[in-house]
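Below is one structure, written out as structure tokens, with a few remarks after it.
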Amino acid sequence: MENITSMEYKKIFNRLWDAYAEQNVSAKRVKELFESKGETVVNDHVAFRTYNDPRVNIEKLARIFKDAGYVEKGAYDFEAKKLKAKHYELPGVEDAPRVFISELLLEEFSPELQETVKKALDSVDQKALDDKELVFKGRPWNPVSYKTYEKLREESEYAAWVYVYGYRANHFTVSVDYLEHIGDIKAVNQLLKDNGFKLNSSGGEVKGTKEQLLKQSSIMADIIPVQFEEGEYHIPACYYEFAQRFEDENGERYSGFIAKSADKIFESTNYYKK
């Protein structure tokens with residue numbers, strides 16, 4: 014019989030997946046494609062984006078996972094994109110997804126960007142931001158302006174994405190290590206391309222190396238309709254990632270993240286031509 018912690022974390026990720034897959038049809042189609050090949054899809058990690066404002070920072074989003082038994086395992090800096098991140102794991106549960114939460118360093122951006130974010134957060138009741146279930150809430154501020162979105166995107170695609178989508182899974186990640194029939198990450202990528210999915214090619218289709226103990230790839234985010242004050246516009250939403258991990262010289266499978274590779278994976282929510 015499963016313990017309470019095990020049941021709790023599965024409930025959290027099932028709920029996150031349902032909302033993510035409903036909005037991002039490609040992710041659901043990829044999962045179904047893998048399953049049609051006889052695979053069992055296991056999540057390597059689920060990622061979230063936020064701002065470093067204390068009302069919604071990494072620590073705020075991490076609460077629900079910590080309460081389910083997760084512990085902090087790594088911290089990362091993304092100097093080019095002006096981000097910090099942490100990842101969390103559930104001890105003793107090998108196939109439990111890691112949680113990766115990043116935050117935008119607001120103080121490193123223009124006063125205009127800082128004021129836009131502050132205004133959005135100020136418009137939300139503090140109780141809503143204090144809710145432990147914030148990761149399920151989506152965008153807690155309304156309405157949003159397409160003009161503001163575009164202005165934010167000029168400085169930071171990341172800032173603009175959070176402004177529109179708020180708090181939800183930015184991406185799920187298939188663990189290539191658990192795929193028994195498809196093979197390695199290159200075979201995964203080829204299967205995806207053969208079935209019409211567009212890969213993130215920034216820095217190459219495969220980010221990372223066996224020597225670094227982690228290889229990653231991703232499809233580009235779906236372009237979906239979003240209602241703004243000015244009307245409906247089609248913009249990038251969420252994406253699906255793929256991770257293959259390797260053992261170190263001590264026979265331990267690498268469990269962390271590589272900032273240089275993740276930096277390129279972030280670009281899966283950039284605009285692109287279909």
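The working numbering puts the first residue of the sequence shown at 14, with every later residue one more than the last. Every residue, glycine too, gets a C-beta built ideally from N, C-alpha and C.
Within the same chain, show all residues whose beta-carbon is closer than 8 Å to that of Glu-243, passing over the 5 residues directly before and after it, in chain order.
Ser-158, Tyr-159 and Lys-160
Spatial neighbours of Asp-197 in its chain, beta-carbon cut-off 7 Å, leaving aside the 5 residues before and after
Answer for Asp-197: Val-189 and Gln-257, listed in chain order.
Coil, strand or helix - Asn-16 by DSSP
Its pLDDT being 47, under 50, Asn-16 is placed unreliably by the model, and nothing is read from it.
For Arg-181 versus Gly-151, is the C-beta spacing smaller than 8 Å?
yes
Quick check: the Cα distance between Glu-107 and Arg-266, rounded to an integer number of angstroms?
11 Å
Anyone know if the C-beta pair for Glu-193 and Glu-52 falls short of 8 Å?
yes
What are the complete alpha helix (DSSP H) segments, minimum 4 residues, inside the region 183-269?
198-207
Measure the alpha-carbon distance for Lys-86 versus Leu-103 and round it to whole angstroms.
10 Å
Output the boundary residues of the beta strand (DSSP E) element that contains Thr-63.
56-64
Could you tell me whether any non-hydrogen atom of the ligand NAD is closer than 7 Å to the CB of Lys-228?
With respect to small molecules bound, the structure shown includes none, and the ligand NAD cannot be examined in it.
Host alpha helix (DSSP H) of Ile-71 (start-end):
71-80 is the extent of the alpha helix (DSSP H) around Ile-71.
From the DSSP output, in three-state form, read off Ser-136 for me.
coil
Give the C-beta separation of Ala-272 and Cys-251 to the nearest angstrom, bearing in mind that I take them to be a contact with Cβ-Cβ under 8 Å.
The Cβ separation is near 21 Å, so there is no contact.
Leaving out five residues before and five after Glu-21 in sequence, what residues of the same chain have Cβ atoms less than 7 Å from its Cβ?
Ala-81
Helix, strand or coil, according to DSSP, for Glu-35 in the structure here?
helix
Report the rounded CA-to-CA distance for Pro-153 versus Asp-66, giving the unit in angstroms.
Distance between the alpha carbons of Pro-153 and Asp-66 is about 15 Å.
Note down the Cα distance separating Lys-97 from Glu-116, rounded to an integer number of angstroms.
6 Å
To the nearest angstrom, how far is it from the Cα of Thr-222 to the Cα of Phe-259?
9 Å
Once DSSP output is grouped into helix, strand and coil, what is the label at Ile-278?
helix
Exposed or buried, what is Glu-92 when buried is set at 16 or more other beta-carbons lying within 10 Å of its beta-carbon?
exposed
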